[in-house]
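Report on the structure given below.
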Amino acid sequence: MKHLHVKKLVTLSAIATLVALGMMVVAIVAPKPILLVLAMSVGQGVGLLSLALYLLAIVLDLQAGGAAYEAALESNREAVDDERP
Amino acid sequence: MPIHNTEQLLKAVALVSAVIAAVIILWYLVRRPPLGRLTKSLLLVGLGVFPAVVSLTGNIAGFEYTLSRPFCGSCHVMDPYLRDAQDPKSKSLASIHSHNHRFGENSCYNCHADYQMFGAITTKMNGMRHLFEYVTKYANTGPDGEGGPPIVLYKRHDLEAKKLTEDQFNAQMNGMCMQCHSSHAAIWVEKHEAFAEDVRANKQLCIDCHNEIHPLALSRRPKKEGTR
Numbered sequence: 002m003k004h005l006h007v008k009k010l011v012t013l014s015a016i017a018t019l020v021a022l023g024m025m026v027v028a029i030v031a032p033k034p035i036l037l038v039l040a041m042s043v044g045q046g047v048g049l050l051s052l053a054l055y056l057l058a059i060v061l062d063l064q065a066g067g068a069a070y071e072a073a074l075e076s077n078r079e080a081v082d083d084e085r086p
Numbered sequence: 011m012p013i014h015n016t017e018q019l020l021k022a023v024a025l026v027s028a029v030i031a032a033v034i035i036l037w038y039l040v041r042r043p044p045l046g047r048l049t050k051s052l053l054l055v056g057l058g059v060f061p062a063v064v065s066l067t068g069n070i071a072g073f074e075y076t077l078s079r080p081f082c083g084s085c086h087v088m089d090p091y092l093r094d095a096q097d098p099k100s101k102s103l104a105s106i107h108s109h110n111h112r113f114g115e116n117s118c119y120n121c122h123a124d125y126q127m128f129g130a131i132t133t134k135m136n137g138m139r140h141l142f143e144y145v146t147k148y149a150n151t152g153p154d155g156e157g158g159p160p161i162v163l164y165k166r167h168d169l170e171a172k173k174l175t176e177d178q179f180n181a182q183m184n185g186m187c188m189q190c191h192s193s194h195a196a197i198w199v200e201k202h203e204a205f206a207e208d209v210r211a212n213k214q215l216c217i218d219c220h221n222e223i224h225p226l227a228l229s230r231r232p233k234k235e236g237t238r
C-alpha cells in the first residue's frame with residue numbers, strides 16, 4: 002500500500018517539477034514583468050513543494066523498506082540459529 | 011548564443027540545468043523504472059539539485075535583468091520615457107544619463123531606485139506596486155498610455171498621501187542626484203554658490219532647476235481637447 006503511495010507521490014513530484022521548470026525557463030527566455038514575478042513566486046513555490054513531495058516519498062519508502070529489511074534480517078538470524086547443532 | 015556578461019552566463023547555466031533536469035524527469039515518467047537506489051539518486055538530482063540551480067541562477071539573472079532599461083520599457087506606458095532615454099539627440103536628463111557608459115543601460119533603476127540601505131528591496135517592492143498599477147489601470151490604455159491616469163512619481167504620490175514628510179521627500183530626491191554629483195566639488199560649488207547650502211540642506215531640489223527629465227512623458231505634452 003505504501004509502495005503505491007510512494008510511486009504516486011514521485012510521479013506527482015516529477016510533474017510538478019516540470020511545471021515549475023517550465024515557468025522558470027519561460028521567465029528566463031522572455032523576461033516580462035508578469036512572467037518574472039510568476040516564476041519567482043508560483044514557479045519556485047511549486048518547485049519547492051515538488052521537492053518536499055519527493056522527500057516525503059523517499060521517507061515513506063525508507064520506512065517500508067526498512068521494516069522489510071528488519072524482518073528479513075530477523076528470519077535470517079532464526080534460520081542460522083536453527084541450523085546450529 | 012554568445013556570452014558577454016554574467017547575466018548571460020547565468021541564463022545559460024539555468025537553461026542547461028533545466029534541460030538536464032527535464033531529461034531525467036521525462037526518463038522517469040516514460041520508462042517508469044523501479045525505485046532502486048540509482049533511480050532515487052537520479053531523481054534527487056533531477057527533482058532537487060538541478061531545479062535548485064535553475065531557481066538560483068534564474069533568480070539572479072532575472073534580478074539583473076529587472077535593473078535594465080529594456081525591462082522598465084517592456085510595459086507600453088513607458089514607451090515615451092524609453093524613446094527619449096534612447097535618443098542620442100535628446101538633451102533631457104534621462105537621455106544624458108542613459109548614454110553614460112558606467113550605468114547607461116540601467117539608467118531607470120539608477121535614478122529611480124532607493125539608494126539607502128535595503129534600497130534594492132524597497133525598490134523591488136515598489137516594482138510590484140508598478141505591476142499591480144499597470145495590470146489594473148494601464149493594461150488597456152493607448153500606445154503611450156493615453157487614456158490612463160497620469161503617471162506620477164511614487165515618492166511624490168507618497169508625499170501627497172502624507173506617507174512621506176516633505177523633509178524625507180526632499181532628502182530622497184536630492185539624494186538620488188547626489189549619490190553621484192557631489193555638492194562639494196569645486197565646479198559644482200562655483201555654479202551653485204548662491205544656493206549651495208539650501209541644496210545641501212535639501213531646502214531646494216536639484217530638479218527644481220534641472221527639470222527637463224522626461225520631456226516626452228504624456229504629462230509634459232500639450233493637452234488635446236477631450237483628453238485627460
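As you go down the protein sequences, you meet chains Z and P in turn. This note's numbering applies: residue 2 is where the first sequence begins, and numbers increase by one. This note's numbering applies: residue 11 is where the second sequence begins, and numbers increase by one. For glycine and all other residues, C-beta sits at the position ideal for the given N, C-alpha and C.
Check each candidate in the options and name the one with the smallest Cα separation from residue i.
| i | options | result |
| --- | --- | --- |
| residue 28 of chain Z | P/39, P/73, P/58, P/54 | P/73 |
| residue 33 of chain Z | P/114, P/166, P/75 | P/75 |
| residue 127 of chain P | P/197, P/176, P/185, P/168 | P/185 |
| residue 24 of chain P | P/122, P/69, P/181 | P/69 |
| residue 153 of chain P | P/89, P/47, P/18, P/83 | P/89 |
| residue 41 of chain Z | P/71, P/53, P/31 | P/71 |
| residue 67 of chain P | P/26, P/81, P/46 | P/26 |
| residue 137 of chain P | P/110, P/157, P/114, P/165 | P/165 |
| residue 144 of chain P | P/179, P/114, P/83 | P/83 |
| residue 181 of chain P | P/148, P/197, P/100, P/125 | P/125 |
| residue 225 of chain P | P/147, P/101, P/171, P/218 | P/101 |
| residue 148 of chain P | P/54, P/85, P/196, P/129 | P/85 |
Residues in its own chain within less than 7 angstroms of residue i by CB, not counting five upstream and five downstream?
| i | result |
| --- | --- |
| residue 16 of chain Z | none |
| residue 37 of chain Z | 28 |
| residue 13 of chain Z | 54 |
| residue 33 of chain P | none |
| residue 206 of chain P | 193, 199 |
| residue 30 of chain P | 60 |
| residue 223 of chain P | 102, 103, 104, 217 |
With a CB to CB cut of under 6 angstroms and the five nearest residues on each side skipped, what residues in its chain are close to residue i?
| i | result |
| --- | --- |
| residue 47 of chain Z | 17, 20, 21 |
| residue 216 of chain P | 184, 187 |
| residue 28 of chain P | 64 |
| residue 44 of chain Z | 21, 24, 25 |
| residue 62 of chain Z | 7 |
| residue 151 of chain P | 157, 158 |
| residue 77 of chain P | 116, 119 |
| residue 16 of chain P | none |
| residue 174 of chain P | 168 |
| residue 114 of chain P | 108 |
With a threshold of 16 other CB atoms inside 10 Å of the CB of residue i, please say whether the residue is buried or exposed.
| i | result |
| --- | --- |
| residue 107 of chain P | buried |
| residue 112 of chain P | exposed |
| residue 35 of chain Z | exposed |
| residue 220 of chain P | exposed |
| residue 199 of chain P | exposed |
| residue 71 of chain Z | A caution first: residue 71 of chain Z carries a pLDDT of 49, below 50, which makes its placement in the model too unreliable to give a value. |
| residue 11 of chain Z | buried |
| residue 35 of chain P | buried |
| residue 5 of chain Z | exposed |
| residue 167 of chain P | exposed |
| residue 212 of chain P | buried |
| residue 191 of chain P | exposed |
| residue 41 of chain P | exposed |
| residue 179 of chain P | buried |
| residue 105 of chain P | buried |
| residue 21 of chain P | buried |
| residue 131 of chain P | exposed |
| residue 81 of chain P | buried |
| residue 123 of chain P | buried |
| residue 51 of chain Z | buried |
| residue 59 of chain Z | buried |
| residue 47 of chain P | exposed |
| residue 139 of chain P | exposed |
Short of 8 angstroms in beta carbon distance, which residues of its chain neighbour residue i, apart from the five on each side in sequence? Order them along the chain.
| i | result |
| --- | --- |
| residue 161 of chain P | 87, 155, 227, 228, 229 |
| residue 208 of chain P | 214 |
| residue 49 of chain P | 38, 43 |
| residue 4 of chain P | Shown here, chain P extends from 11 to 238; a query on residue 4 of chain P therefore has no answer. |
| residue 202 of chain P | 193, 209 |
| residue 39 of chain Z | 24, 28 |
What I want to know is whether the C-beta of residue i ends up closer than 6 angstroms to one or more non-hydrogen atoms of the ligand ADP.
| i | result |
| --- | --- |
| residue 197 of chain P | The ligand ADP is not part of this structure, which contains no ligands at all. |
Validate contact between the stretch 116-134 of chain P and the stretch 93-107 of chain P using beta carbons, cut 8 angstroms, 3 pairs | yes
Select from the stretch 3-14 of chain Z all residues with a C-beta closer than 9 angstroms to any C-beta belonging to chain P, and list them in chain order.
-> 4, 7, 8, 11, 12, 14
Chain Z contacts from the stretch 66-90 of chain P (Cβ-Cβ distance under 8 angstroms) = 68, 69, 71, 72, 75, 76, 81, 84, 85
Evaluate contact between the stretch 55-62 of chain P and the stretch 43-62 of chain Z, counting only Cβ atoms and requiring at least three cross-stretch pairs below 8 angstroms.
-> yes
Selection of the stretch 45-63 of chain Z by Cβ proximity to chain P, strictly under 7 angstroms | 45, 48, 51, 52, 55, 59, 62
Could you please tell me which residues of the stretch 13-30 of chain P, in chain order, have their CB closer than 8 angstroms to any CB of chain Z?
-> 21, 24, 25, 28
Residues, ordered as in the chain, of the stretch 28-48 of chain P that lie near chain Z by beta-carbon distance below 7 angstroms = Residues of the stretch 28-48 of chain P with a C-beta less than 7 angstroms from any C-beta of chain Z: 28, 31, 32, 35, 38, 39, 45, listed in chain order.
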